């Protein structure tokens with residue numbers, strides 16, 4: 002049995018299946034713009050050793066996003082207190098620009114008024130996906 006907590010929220014109607022079961026997710030009507038490539042970005046966070054992300058972190062992050070951020074989908078993963086990974090699908094022309102957009106979006110989210118207040122952003126990566134990033 003999997004013990005991690007997973008939250009999922011997307012800007013388009015979709016189903017998210019995680020350890021908490023399926024969830025119907027609603028869109029927010031953001032315009033797609035000319036940059037139609039979607040890139041998965043993983044952001045690692047650390048917080049106080051006992052801290053867990055709030056249950057609504059993924060939804061709060063998507064609500065925090067502006068159309069300029071080009072964030073289409075957010076999922077929060079946390080297997081143990083004090084450590085978390087935020088998965089973002091970001092629209093951009095390439096992975097480098099997607100990482101830059103994710104960083105520009107997440108840094109303000111970790112400030113005092115942001116949904117990730119109290120958490121420290123330690124990395125922003127484009128994970129390697131078999132068959133998608135080359136041989």
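Residue numbers (this note's numbering): 2 to 136. Positions of the beta carbon are idealized from the N, C-alpha and C atoms, including for glycine. Quantities reported herein were computed from a predicted structural model and do not represent experimental measurements.
DSSP beta-bridge partners of residue 45: BP columns for residue 45 point to 86 and 124.
For residue 89 and residue 75, believed in contact at Cβ under 8 angstroms, the rounded distance: With a beta-carbon spacing of about 6 angstroms, residue 75 and residue 89 fall inside the 8 angstroms limit used to define contacts.
Under 9 angstroms between C-beta atoms of residue 92 and residue 103: No. Outside cutoff.
Burial state of residue 33, where buried means 16 or more other Cβ atoms lie within 10 Å: Residue confidence for residue 33 is low, a pLDDT of 48 falling below 50, so the modelled location carries little weight; the figure read from the coordinates is stated next. A residue is called buried once 16 or more other Cβ atoms fall within 10 Å of its Cβ, and residue 33, having fewer, is exposed.
Beta carbon of residue 107 nearer than 9 angstroms to that of residue 125: The criterion of a C-beta distance shorter than 9 angstroms is satisfied by residue 107 and residue 125.
Residue 52 vs residue 119 beta-carbon contact at 9 angstroms: Yes; because the gap between Cβ atoms is below 9 angstroms, this pair is in contact.
Which of helix, strand or coil DSSP assigns to residue 71: In the three-state reduction of the DSSP assignment, residue 71 falls in the coil class, being assigned neither a helical nor a strand state.
Range covered by the alpha helix (DSSP H) that runs through residue 53: For residue 53, no alpha helix (DSSP H) encloses it, and the DSSP letter there is neither H nor E.
Residue 98, DSSP secondary structure in three states: Three-state DSSP puts residue 98 in a helix.
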